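To convert, count from 1 in the sequence shown and add 1; that's our numbering. Virtual Cβ for every residue (Gly too), placed ideally from N, Cα, C. The structure displayed is predicted, hence computed values, not measured ones. In what follows, a structure is listed as structure tokens, so that the remarks can point back to it.
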Amino acid sequence: MKIVENSCLDTESKLNDTEAFYQDLYMEEPIDMDCLNAMLGHINRTLSSEDTAQIMASIDYNDILDDARPTPKESSPELESIGYKIRYLFVSHPSCRDIIHQVFNEAIHLAKFPTPWQASCTVILHQKGAKNDLANYRPITRIAADCNAFTRIMNSRVVQVANKIITPYQCGFLPDNAHSASWRNPSNFAAYAVIMLDNAKAFESVHPKYLPQVLLKSGFPEAFVTYHKPLR
């Protein structure tokens with residue numbers, strides 16, 4: 002991983018170095034397709050037809066409304082920078098209900114996404130250490146608020162069905178389920194293996210050729226796998 006070593010003090014140099022750093026970090030790397038196919042051959046648990054139907058079911062308006070409810074924190078959601086309370090007024094207004102419901106269900110059934118849903122903005126937040134070293138920053142991707150609501154709804158569906166085909170140690174950031182605690186427990190090594198990854202490459206990044214293949218092999222609907230690509 003490339004580390005930016007110059008002073009990076011003025012705005013222009015910050016922008017140039019940031020662009021170069023993240024282009025290098027997220028550049029797609031070649032993978033061995035034979036190894037990928039061999040790994041896919043070990044996936045023997047797949048979703049049922051009921052599970053796939055649950056994933057692709059029409060989105061209820063009440064689910065959209067619940068997601069839009071104001072949060073206790075005073076903050077602005079995503080790219081539009083519209084307060085949560087203001088956004089809720091739009092989503093809950095009778096004149097907006099039908100169009101919002103239509104947009105969400107055209108997304109899930111027709112893979113038809115509004116142009117703002119296909120845009121994103123990366124904001125970097127300083128975490129620790131020297132501020133002129135971009136390795137000490139964490140990238141946060143901001144997307145359109147409605148797109149974020151759609152992905153949260155779909156993510157909740159995926160989590161519900163995926164728990165049937167993966168192990169508890171593949172569930173990511175869950176309460177009382179830290180990965181570090183899991184691999185330190187010797188009893189876990191009886192059934193599972195540990196792979197040490199480059200954290201910078203692993204965080205918020207899955208190879209674009211790997212993810213669709215794993216989803217399809219695991220029985221996820223082809224339509225779901227296809228429409229996730231524009232929102233990746």
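- Its Cα nearest to that of residue 227, the residue 109 stands out among 67, 109, 136, 144.
- The alpha helix (DSSP H) runs of length 4 or more contained entirely in the stretch 20 to 104 are, from start to end of the chain, 34 to 41, 50 to 57, 62 to 69, 85 to 93.
- Residue 94 and residue 65 have their C-alpha atoms spaced approximately 12 angstroms apart.
- Under the DSSP assignment, residue 126 falls in the beta strand (DSSP E) whose first and last residues are 121 to 127.
- Around the beta-carbon of residue 92, 16 or more other beta-carbon atoms lie within 10 Å, marking it buried.
- Per DSSP, residue 140 is one residue of the beta strand (DSSP E) stretching across 138 to 144.
- No residue range can be given for residue 114, since it is assigned to no alpha helix (DSSP H) and is classified by DSSP as neither H nor E.
- When the alpha-carbon of residue 220 is set against those of 31, 22, 24, 44, the nearest one is in 44.
- Under a 10 Å Cβ-count criterion, residue 135 is classified as buried, with 16 or more other Cβ atoms of the shown protein chains found around its own Cβ.
- In terms of Cβ geometry, residue 141 and residue 46 do not form a close pair [threshold 8 angstroms].
- Sequence-distant partners of residue 97 (beyond 5 residues in either direction) whose C-beta falls short of 6 angstroms from its own C-beta, in its chain, are 91.
- A check of alpha carbon separations from residue 22 across 215, 212, 137 identifies 137 as the nearest.
- In this structure, the CA atom of residue 224 is about 15 angstroms from the CA atom of residue 48.
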